């Protein structure tokens with residue numbers, strides 16, 4: 004879980020009770036930066052896209068599993084700043100994910116591009132030219148994820164989510180998604196995740212009026228099984244007082260920072276606003292009912308509202324032993 008320019012790890016007992024637990028591990032990178040997205044590769048190394056302060060260069064940062072495991076909490080790590088190829092360093096990277104064979108996929112909205120880099124390329128510390136470059140005018144990919152069938156899903160602007168199977172992303176050229184999903188209720192997608200049965204969960208603000216409200220919405224896996232273009236309805240909608248509204252005006256924006264499922268199937272959501280900052284959990288039974296829910300666990304809140312965490316993007320990674 005990110006905490007401005009720090010990364011914090013919570014596991015075990017720290018995830019069982021509401022309150023303000025200390026992170027099992029917390030570290031910073033030896034350069035100020037804001038994280039856009041994080042991902043773990045097959046070897047447990049942590050990767051992130053970032054925007055360092057006072058710089059127009061946008062690195063891709065890798066922190067090895069060994070470097071993390073050897074840390075004492077509160078220390079900094081050097082990390083490896085992976086150098087993008089010529090012409091790519093000055094444009095912002097955003098979504099980052101790894102496919103089933105270990106290829107790195109990353110989005111560059113400024114270049115209107117989705118790119119693939121092979122394992123041999125990312126070992127070198129310099130990415131060079133992408134093995135696959137999917138790009139077109141009006142294609143603004145942001146956050147990306149892989150589902151259990153190794154399909155790549157990408158936000159694509161126009162309130163849509165696009166699905167690419169391995170064949171549809173095998174060659175460079177304009178995007179050719181097998182499925183285009185028109186997102187329900189005009190949700191401004193911040194992050195998305197898949198549960199163990201393949202249902203798609205969305206997180207972001209909607210505008211029912213008179214202000215934006217943060218919601219979680221679920222699209223059933225059965226509505227995503229086809230091809231072409233679909234406009235499914237949300238099968239489950241969740242709101243919560245844990246998703247505070249930033250202000251009372253029409254300019255109110257999302258407080259959500261990211262979502263992910265843990266191994267038992269609980270959905271964790273990060274939410275941060277000026278007056279509150281939480282990481283909350285909803286259990287599978289809560290997810291099945293929907294509605295206005297009180298989280299089963301809320302990390303970062305106590306009576307004095309001290310020691311608050313300020314979470315952003317988050318992912319469940321492999322346990323560190």
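In the numbering used here, the protein residues as written are 4 to 324.
A virtual CB, placed ideally from N, CA and C, is assigned to each residue, including glycine.
Keep in mind it's a predicted model, so treat the numbers as computed, not measured.
Contact check, residue i vs residue j, beta carbons under 9 Å
i: residue 197; j: residue 264; result: yes
i: residue 61; j: residue 52; result: yes
i: residue 222; j: residue 245; result: no
i: residue 219; j: residue 242; result: yes
i: residue 231; j: residue 318; result: no
i: residue 193; j: residue 164; result: no
i: residue 17; j: residue 27; result: yes
i: residue 282; j: residue 13; result: yes
i: residue 259; j: residue 274; result: yes
i: residue 134; j: residue 113; result: no
i: residue 269; j: residue 299; result: yes
i: residue 301; j: residue 21; result: yes
Cβ-based burial, residue i [other Cβ within 10 Å; buried from 16]
i: residue 140; result: exposed
i: residue 251; result: Residue confidence for residue 251 is low, a pLDDT of 48 falling below 50, so the modelled location carries little weight and cannot support an answer.
i: residue 289; result: buried
i: residue 253; result: With a pLDDT of 45 at residue 253, under the threshold of 50, the predicted position of this residue should be treated as unreliable, though the coordinate-derived value follows. Result: exposed.
i: residue 25; result: exposed
i: residue 98; result: buried
i: residue 111; result: buried
i: residue 158; result: buried
i: residue 148; result: buried
i: residue 19; result: exposed
i: residue 169; result: exposed
i: residue 161; result: exposed
Start and end residues, alpha helix (DSSP H) containing residue i
i: residue 146; result: Unbroken run through residue 146: none, as it is neither H nor E.
i: residue 68; result: 68 to 72
i: residue 292; result: 287 to 292
i: residue 125; result: 122 to 126
Residue i - containing beta strand (DSSP E), residue span
i: residue 208; result: 203 to 209
i: residue 166; result: 163 to 167
Any non-hydrogen atom of the ligand MN within 8 Å of residue i CB
i: residue 66; result: Here there are no bound small molecules, and the ligand MN is not part of this structure.
Worksheet entry | Contact the stretch 144 to 153 vs the stretch 92 to 110: 3+ CB pairs below 8 Å | The stretch 144 to 153, when compared against the stretch 92 to 110, does touch it at the 8 Å Cβ threshold.
Fill in: At least 3 beta-carbon pairs within less than 8 Å: the stretch 168 to 180 vs the stretch 203 to 210
no
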